[in-house]
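Chemist: Each number in this note's numbering comes from the position in the first sequence (counting from 1) with 497 added on. All residues carry an ideal CB built from backbone N, CA and C; glycine is no exception. Just so we're clear, the structure is a prediction, and the values are computed from it rather than from any experiment. Attaching a single structure in structure tokens format; questions to follow.
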Amino acid sequence: MSEHQHNDLVQRRIEELHHLREAGINPYPVAFGKTHSTGEARNLFSDEQPDAHPVVAVAGRIMAIRRMGKASFFQIQDETGRIQCYLKKDDLPDFYDHFRLFDIGDIVGVEGYVFKTRMGEISVHTTALHLLCKSIQPIPIAKEETDADGNTVIYDAFADKELRYRHRYVDLIVNPHVRKAFVQRSTVISTMRRYFDERGWMEVETPILQPIYGGATARPFVTHHNALNIPLYLRIADELYLKRLIVGGFEGVYEISKNFRNEGMDKTHNPEFTAMEIYVAYKDYLWMMDMAEDLLRTVCFAVHGSHTTTVGGTEISYAEPFRRIRMMDEIAKAAGADVMGMSREDVLALCRSHKIDVAGNAPWSKLVDELFSSLVQPNLIQPTFVIDYPVEMSPLAKAHRTDAGLVERFELYINGAEVANAFSELNDPIDQRQRLEQQAQQRADGDDEAMVVDEDFLFAIETGLPPTAGMGIGIDRLVMTLTDNDSIRDVLFFPQMKPER
RNA sequence: GCUUUCGUAGCUCAGCUGGCUAGAGCAACUGACUCUUAAUCAGUGGGUCGAGGGUUCGAGUCCCUCCGAAAGCACCA
């Protein structure tokens with residue numbers, strides 16, 4: 498701690514701290530009897546009764562001070578916003594000089610009454626001021642002005658991304674739009690949870706530390722359990738455990754889980770991220786599509802009070818029935834050829850003819866995926882379900898009821914990004930074993946993201962999984978589209994950073 | 001992992017083809033001011049220019065290595 502930044506600004510504040518103590522003021526008292534939020538206090542004032550002078554005790558962080566000799570104005574900020582406070586020496590003759598030792602960033606409690614200044618700002622006329630926490634690190638001061646058109650203009654906003662992510666608490670104090678995005682994130686999650694709970698589906702918890710990882714194609718983090726002396730993997734997906742619970746007799750389960758993937762980081766990838774997975778027995782992917790659509794419409798409304806939102810200047814509507822398109826149809830339209838039944842070599846040539854850079858030894862499914870990602874996905878701006886994927890790309894999805902070679906699967910795309918992935922779950926144990934063995938073969942052939950055979954999972958499927966629909970939603974990416982942020986770091990409180998040195 | 005760009009005061013930023021003691025605004029400090037609001041006015045202090053090395057008479061500026069970040073690419077969700 499002593500190696501902390503000890504610049505002159507910090508030194509100055511530590512001295513002030515000592516002076517306050519000498520004056521008999523405890524800079525770190527235990528509590529404060531707050532009666533109103535700043536927002537509530539502001540609402541107490543009415544122009545019909547300007548002399549009502551409702552009495553309040555509000556608390557918050559000092560964000561601005563304007564000293565004018567024997568009177569001062571300061572603004573305090575709490576969860577609901579800011580309110581100006583007015584303090585004059587006549588009211589607090591013994592205390593007023595101590596206020597000189599208060600700084601921007603200190604947390605105070607203010608007792609007083611609500612009034613409106615001559616300049617028309619609703620304020621608290623201070624009758625007692627309590628220091629609740631002396632801050633010794635200065636916070637960045639972004640000044641705000643309301644221009645003639647009523648727009649808030651911010652000067653010198655705290656903008657350095659590295660500092661904002663490393664000191665997120667400062668970012669949250671100083672940048673209201675950052676706070677707002679995280680409130681919206683919380684609304685997304687709480688709305689989903691309520692939606693599922695109301696329908697009788699049960700929230701569950703499954704292991705994060707797993708002896709065998711599965712449910713997705715990804716590279717895991719590995720750790721070691723000392724007492725058992727075995728490697729354990731941090732989960733990459735919930736799927737296999739949640740299906741075991743459906744086997745066990747629960748008919749609707751969901752989990753909001755942190756997953757971990759040991760891969761590169763960029764605007765859309767953080768090594769730990771949040772997924773929601775839900776499984777409902779006796780349903781299929783068509784039912785799940787309807788549910789997903791209703792769910793997202795509900796979530797959007799909870800966040801925005803509207804069924805539309807704007808991302809990067811483009812309006813996204815959750816109101817209309819979402820478009821549903823078949824993957825193979827779209828690839829055929831965009832690439833000019835039906836890839837079903839085409840040889841790997843022909844699909845490779847097709848990729849090359851569209852100038853898609855792919856490895857020459859990539860498997861058929863990978864090539865088809867590339868065609869889709871390059872030619873179709875970027876155009877899926879409005880919420881769109883892409884349905885019926887090739888079986889090679891979906892080792893856990895049930896074979897399509899009518900179309901050979903396909904599975905009953907959909908992915909939901911919004912603003913060109915995949916937000917949900919779902920299928921009619923594969924419950925044919927013979928088929929499932931073959932699919933996993935295929936994965937194992939790919940793995941043996943050098944694909945280190947292919948799945949591992951999980952014998953206990955197969956045992957569960959052999960025990961009997963009812964017909965079941967399952968879906969995963971990438972919460973971070975959904976929140977990005979709902980908060981108009983194009984970087985995942987802006988919807989994670991503490992995105993992964995390299996340590997400073 | 002690769003490529004490019006960036007790192008100057010607590011914060012936001014200037015600093016030219018290398019050239020006097022590295023600047024500004026906000027914040028801080030001293031003083032004035034009892035309804036201000038980007039308060040105002042007068043004055044003061046504050047820097048290992050990310051770190052280390054090199055070239056040069058001279059480096060914030062040019063070169064190299066390292067650290068950190070951002071954007072793009074690759075991989076993935």
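Alpha carbon to alpha carbon, how far is Lys-586 from Glu-500? Give it in angstroms, no decimals.
Modeler: Low confidence applies here, because Glu-500 scores a pLDDT of 37, under 50, leaving its location unreliable; read the following figure in that light. Each residue's Cα considered, the two are about 39 angstroms apart.
Chemist: From Arg-758 to Met-786, what distance separates their C-alpha atoms?
Modeler: Taking the straight line from one Cα to the other gives about 27 angstroms.
Chemist: Going straight from the alpha carbon of Asp-544 to that of Gly-802, what length do you get?
Modeler: For Asp-544 and Gly-802, the distance between alpha carbons rounds to 29 angstroms.
Chemist: Distance, Cα to Cα, Leu-739 vs Met-968?
Modeler: Distance between the alpha carbons of Leu-739 and Met-968: 11 angstroms.
Chemist: Just tell me which of Val-916, Met-689 and Thr-643 has its CA closest to the CA of Phe-798.
Modeler: Looking at the Cα atoms, Met-689 is the closest of the given residues.
Chemist: Going by other Cβ atoms of all chains shown within 10 Å of its Cβ, with 16 needed for buried, is Arg-563 buried or exposed?
Modeler: With fewer than 16 Cβ atoms within 10 Å of its Cβ, Arg-563 is classed as exposed.
Chemist: Would you check if the distance between the CB atom of Ala-789 and the CB atom of Asn-756 is smaller than 8 angstroms?
Modeler: Their beta carbons are not under 8 angstroms apart, which means Ala-789 does not touch Asn-756 by this criterion.
Chemist: For the beta strand (DSSP E) containing Gln-581, list its first residue and its last residue.
Modeler: Element bounds for Gln-581: 578–585.
Chemist: Whose C-beta lies closer than 7 angstroms to the C-beta of Met-994 among residues of the same chain, with five residues either side of it excluded?
Modeler: Cβ neighbours of Met-994 beyond the five flanking positions: Tyr-662 and Arg-663.
Chemist: Going by beta carbon distance, what residues of the same chain come within less than 6 angstroms of Met-977, once the five residues before and after it are set aside?
Modeler: Around Met-977: Val-988.
Chemist: Specify the secondary structure class of Gln-502 as computed by DSSP and reduced to three states.
Modeler: Reliability of the predicted coordinates at Gln-502 is poor, the pLDDT of 47 falling under 50, and the value obtained from them is presented with this limitation in mind. Gln-502: coil per DSSP, three-state reduction.
Chemist: Compute the Euclidean distance between the alpha carbons of Arg-691 and Val-611, then round it to the nearest angstrom.
Modeler: C-alpha separation (whole angstroms): 38 angstroms.
Chemist: If we ignore side chains and look at the alpha-carbon of each, how far apart do Tyr-583 and Ser-620 end up?
Modeler: Computed Cα separation, rounded: 7 angstroms.
Chemist: In whole angstroms, give me the CA-to-CA distance for Ser-870 and Val-553.
Modeler: Each residue's Cα considered, the two are about 58 angstroms apart.
Chemist: For Asp-787, which of helix, strand or coil comes out of DSSP?
Modeler: Helix at Asp-787.
Chemist: By DSSP, does Glu-641 sit in helix, in strand, or in coil?
Modeler: Glu-641 falls in the strand class under three-state DSSP.
Chemist: Identify the residues that DSSP records as bridge partners of Ile-573: which are they?
Modeler: In DSSP, Ile-573 forms a bridge with Ile-559 and Ile-580.
Chemist: Using the Cα positions of Thr-980 and Asp-900, report the straight-line distance between them to the nearest angstrom.
Modeler: Going by the C-alpha atoms only, they are around 38 angstroms apart.
Chemist: State the DSSP-derived secondary structure class of Ala-549, mapped to helix, strand or coil.
Modeler: In the structure shown, Ala-549 sits in coil (DSSP, three-state: anything other than H, G, I, E or B).
Chemist: Could you tell me whether the Cβ atoms of Gly-876 and Thr-811 are closer together than 8 angstroms?
Modeler: Here residue 876 turns out to be Asn, not Gly, going by the sequence shown. It is not a contact, given that the beta carbons lie outside the stated cut-off.
Chemist: Can you grab the Cα-Cα spacing for the pair Ala-831 / Asn-540, in whole Å?
Modeler: Cα to Cα, Ala-831 sits roughly 57 angstroms from Asn-540.
Chemist: Identify whether Ile-985 lies in helix, strand or coil by the three-state DSSP scheme.
Modeler: Looking at Ile-985 - three-state DSSP - the assignment turns out to be helix.
Chemist: Whole angstroms is fine: what's the gap from Asp-945's alpha carbon to Glu-760's?
Modeler: Straight-line Cα distance between these residues: approximately 12 angstroms.
Chemist: State buried or exposed for Met-498, treating a residue as buried only when at least 16 other CB atoms are found within 10 Å of its CB.
Modeler: In this predicted model, Met-498 has a pLDDT of only 31, less than 50, meaning its place in the structure is not dependable; the value taken from the coordinates is given anyway. Under this definition Met-498 is an exposed residue.
Chemist: Can we say the region 947–963 touches the region 924–936, given the rule of at least three CB pairs closer than 8 angstroms?
Modeler: With a cut-off of 8 angstroms, the region 924–936 and the region 947–963 count as touching, because enough Cβ pairs lie within range.
Chemist: Taking Lys-764 as the reference, give the member of Lys-658, Asp-781 and Gln-935 with the closest Cα.
Modeler: If we check each option's Cα against that of Lys-764, Lys-658 comes out closest.
Chemist: Measuring CA to CA, which of Lys-567, Thr-614 and Gln-581 is closest to Phe-592?
Modeler: Nearest of Lys-567, Thr-614 and Gln-581 to Phe-592, Cα basis: Lys-567.
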